[in-house]
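Before any comments, here is the structure.
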Amino acid sequence: MRRLAATSTVLAALLAVTACGSSSDDSPEGGSGGVAKVKVGAIPIVDVAPLHLGNAKGFFKEQNLEIEVVNTTGGSIAVTGVVSGQFDFAFGNVVSLITARSQNIPVKAITSGNSSTGKPGADFGGVVVPPDSPITDAKGLAGKNIAINNLNNITDTTTRASIRKAGGDPSNIKWTELPFPEMPAAVMGKRVDAAMVVEPFFTIAQNQGARVVAYNFAEAIPDMTVAAYFSTEQTINQKADLTKRFKAAMDKSLKYAQEHPEEARQVLQTYTQIDPAVAAKITLPAWPAEINRESVQTLADLMVTDGLIKEKVDVSEILP
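Mapping of the sequence shown onto mature numbering (1 follows the signal peptide of the UniProt record, and there is no 0): residues -19 to -1, 1 to 301, in sequence order.
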């Protein structure tokens, strides 16, 4: 909770800076033949393959956009970057967006980011443990030290939900923040009891011998929307045309990636260090064009249960 308060203070300060003007305010609209240069914050994982694939296919160029993708480590960092004006748009998990909104940080989703496949046993993320761990299911994660990429986001929220569904008590878990690339080694070296990890590091961890004990995304909520591309209301309102063109390019990219999974796998080589042999085996997330609004509301309700937010949130405030 101390970290949540600190995050709130930082974001409030950044919001004050944004209200006075930010680097985002100086970005060109790029209309009438001009090209708008925009910065997009995105974590370098499989989830954002459509962004990179669409860029390679020229979908953003078609909209008179030149994008620069800046790596982040998770949703809370993406929110901070958008609010401060470091990014025009960003990819972030919906729990981080709900948290920001509950703190009166005016972020809003523009379009879908990615979703769970909805299939336990065949999803793009889960909780892994060392091969000789006594933990055999989600219930056994209660009271353990679990690595996640950012505190107070979709990884810990859905892991708690999986533990509850398995009959365990998630109230006394120790959470350890680690970047996704470091998680396989941390699990195999037993520096943590478990890790909630996504592709391609989910497959890498399993290739090294780690066992999956929970498919938390697929188990928590059916067909759950995991993340979205978003910005501040200031950018969305003041740069409506720019936002419209970014959404158009992103929607086309999502559709193309969903329909051309092998090309989505291939583009991973351009922004991750993933081995081609691993890329061929990973489970891809779903990239639907529409956000599952019911799943986002359920996440918001779980956040109240977990104490991440104090009051029930109407997620229509953050969804397009």
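Yeah, the Cβ is synthetic: ideal placement off N, Cα and C, and Gly gets one too.
Keep in mind the model is a prediction, meaning the values are calculated, not measured.
If you draw a straight line from the Cα of V173 to the Cα of F182, it is about 16 Å long. The continuous alpha helix (DSSP H) containing V64 extends over residues G56 to S65. Close CB contacts of V110 within its chain, under the 6 Å cut and outside five residues either way in sequence, are with I116, A175, R192 and V194 (chain order). Contact annotation, K262 with A199: C-beta distance approximately 18 Å; criterion of less than 8 Å not satisfied. Beta-carbon to beta-carbon, M177 and I129 are separated by about 5 Å, close enough to satisfy the 8 Å threshold.
In this chain, T213 is not harboured by any alpha helix (DSSP H); it is covered by the beta strand (DSSP E) spanning T206 to T213.
If you draw a straight line from the Cα of M231 to the Cα of A71, it is about 12 Å long. Selection T184, E275, T279 and A238 evaluated against F105 yields T184 as nearest (Cα-Cα). Secondary structure at I217: helix, using DSSP grouped into helix, strand and coil.
Here the alpha carbon of L289 sits roughly 12 Å from the alpha carbon of L78. Assignment of R192 by DSSP, reduced to helix, strand and coil, places it in the strand class. The count of Cβ pairs closer than 8 Å, one atom from the region 141 to 150 and one from the region 119 to 126, reaches three, so the stretches are in contact. Secondary structure note for T286: its alpha helix (DSSP H) is the uninterrupted segment R274 to D287.
Counting only residues of its own chain and dropping the five nearest sequence neighbours on each side, G62 has a CB closer than 8 Å to the CB of G22, V51, T53, F68 and A71. Taking a 10 Å sphere around the C-beta of E271, we find fewer than 16 other C-beta atoms and assign the residue as exposed. DSSP, reduced to helix, strand and coil, places E49 within a strand of the structure shown. Residue environment analysis places N273 among the buried positions, since at least 16 neighbouring C-beta atoms fall within 10 angstroms of its C-beta.
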